[in-house]
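Using the working numbering, read the sequence shown as starting at 11 and increasing by one per residue. To keep things clear, I will list the structure first and then write my remarks on it.
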Amino acid sequence: MAFEKQDGLYDDVESLTATSDSETAGFMGGIKTVREPGRRWRPNFSILRVVLEIALTTTLVALFASGSIHISRGAPNYRKFGPTLPRKEVILGNAAGFGPPLEYNNQEMLQNRTEMARIHRNWQQLFPKGRGYISTHPDDDFEVLHPPFEMWDVLVDGDHYEGYIMAVYHQLHCLSILTTSLPTSIDDWKEMNPKIKEHRSHCVEYLRQSILCSGDTTLEGETGSWTKSTGWGQTHSCVDFDALTDFANDRAIWDLREELLPQNFDFHKADVEGKPRNKVDETKLIEEEEKKNS
Numbered sequence: 011m012a013f014e015k016q017d018g019l020y021d022d023v024e025s026l027t028a029t030s031d032s033e034t035a036g037f038m039g040g041i042k043t044v045r046e047p048g049r050r051w052r053p054n055f056s057i058l059r060v061v062l063e064i065a066l067t068t069t070l071v072a073l074f075a076s077g078s079i080h081i082s083r084g085a086p087n088y089r090k091f092g093p094t095l096p097r098k099e100v101i102l103g104n105a106a107g108f109g110p111p112l113e114y115n116n117q118e119m120l121q122n123r124t125e126m127a128r129i130h131r132n133w134q135q136l137f138p139k140g141r142g143y144i145s146t147h148p149d150d151d152f153e154v155l156h157p158p159f160e161m162w163d164v165l166v167d168g169d170h171y172e173g174y175i176m177a178v179y180h181q182l183h184c185l186s187i188l189t190t191s192l193p194t195s196i197d198d199w200k201e202m203n204p205k206i207k208e209h210r211s212h213c214v215e216y217l218r219q220s221i222l223c224s225g226d227t228t229l230e231g232e233t234g235s236w237t238k239s240t241g242w243g244q245t246h247s248c249v250d251f252d253a254l255t256d257f258a259n260d261r262a263i264w265d266l267r268e269e270l271l272p273q274n275f276d277f278h279k280a281d282v283e284g285k286p287r288n289k290v291d292e293t294k295l296i297e298e299e300e301k302k303n304s
């Protein structure tokens, strides 16, 4: 099949009508160069282009094969503000894949403070030894946008620590303390210490924004396994819990494994000898409230 140029366009024809020996014999069927007598020969740049394209293609194939070039099929590159950890597939609906095989909820805890305290102790097993407070290294492959928290009088009077809190453990802390508030009546809330109410309110909004920030886009469908909730039985791509714990333990700035409750993760400023107050001792506040309501 060949093409004939008419008025600037190429039309399909079975063959070209030869008008002179200088015309090519075909357009798609091959490349032929015919010299006219007395005319200077010129190189065929079409052949040169084909050779260069073949060379370029061969080079790219070799680079891909060697791993020198990677194609990202996900979102465009974005800034990283924390470590990138391995992921694994986890089926939601049980504790498997998210910490030790303990009981993390039941209906009795909503109406029995003793049972709530037992369940809450199980939640503490989800935290690494430093409660998620870590240090950074100069060669980390992520950005650190802010200076670390400075904390005094954490374990003993006069001690001083600097570090960051991994957001996942801040979120887990917030959910943990909100869980302990589920059995609280309206009247109890009215009488509660204002600092506790302020912290609970913060946690609700912090979790709302964190959930939307993470934006889990897993498509949930009919699994036929759990009928009580459409969320159970769904497979999600999750950060590997063991890898997360290992990273947090390796970078921990302290060891709080003997502490029953994590201290307040919100660092309020206070003019105390020019130092920021590192925490509100919420453990004592909670104990006071529970004694009052028991």
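Here a beta-carbon is modelled for each residue, glycine too, at the ideal position from N, C-alpha and C.
Boundaries (first-last residue) of the alpha helix (DSSP H) holding residue i
i	result
Arg267	No alpha helix (DSSP H) contains Arg267, which DSSP labels as neither H nor E.
Ser239	First-last for Ser239: undefined, no H or E at that position.
Leu120	Where Leu120 is concerned, there is no enclosing alpha helix (DSSP H), given that its DSSP letter is neither H nor E.
Thr189	177-190
Leu222	204-224
Glu201	196-201
Enclosing beta strand (DSSP E) for residue i [first to last residue]
i	result
Val100	97-101
Thr245	245-249
Sequence-distant residues of the same chain with beta carbon closer than 7 Å to residue i, five excluded per side
i	result
Gly231	none
Thr240	Glu230
Asp260	none
Leu136	Gly109, Leu182
Asp281	The pLDDT assigned to Asp281 is 31, lower than 50, so where the model puts this residue is not dependable, and the model offers no usable value.
Gln121	Pro193
Thr94	none
Beta-carbon proximity list for residue i, same chain, < 6 Å, skipping 5 on both sides
i	result
Met119	Glu125, Met126, Ile129
Glu172	Pro158, Glu160
Thr245	Glu99, Ile101
Asp167	none
Ser220	Gln181
Lys15	Note on Lys15: pLDDT 43, under 50, position unreliable in the model; the coordinate value appears next. For Lys15, where only same-chain residues beyond five positions count, there are no Cβ hits under 6 Å.
Assumed close pair residue i, residue j - CB separation to whole angstroms, cut-off 8 Å
i	j	result
Ile263	Tyr88	At roughly 28 Å, the Cβ-Cβ gap does not stay under 8 Å, so Ile263 and Tyr88 are not in contact.
His250	Pro96	A small fix is needed here, since residue 250 is Asp in this sequence, not His. Right, their Cβ atoms sit about 4 Å apart.
Trp162	His170	5 Å
Thr227	Gly243	With 8 Å as the limit, Thr227 and Gly243 do not qualify as a contact, their Cβ atoms being about 18 Å apart.
Proximal residues to residue i (C-beta, below 8 Å), its chain only, five neighbours per side dropped
i	result
Arg210	Ile187, Leu188, Ser191
Leu19	Reliability of the predicted coordinates at Leu19 is poor, the pLDDT of 42 falling under 50, and the value obtained from them is presented with this limitation in mind. Around Leu19: no qualifying Cβ.
Residue i vs residue j beta-carbon contact at 8 Å
i	j	result
Met176	Gly107	no
Gly185	Leu222	Residue 185 is actually Leu in this sequence, not Gly. Taking 8 Å as the Cβ cut-off, Leu185 and Leu222 do not qualify as a contacting pair.
Glu153	Lys90	yes
Ala65	Pro138	no
Val178	Leu254	yes
Tyr174	Thr146	yes
Ranges of the beta strand (DSSP E) found wholly within the stretch 135-172, counting only runs of at least 3
Under the rule that a run must span 3 or more residues, the beta strand (DSSP E) segments found entirely inside the stretch 135-172 read 159-162.
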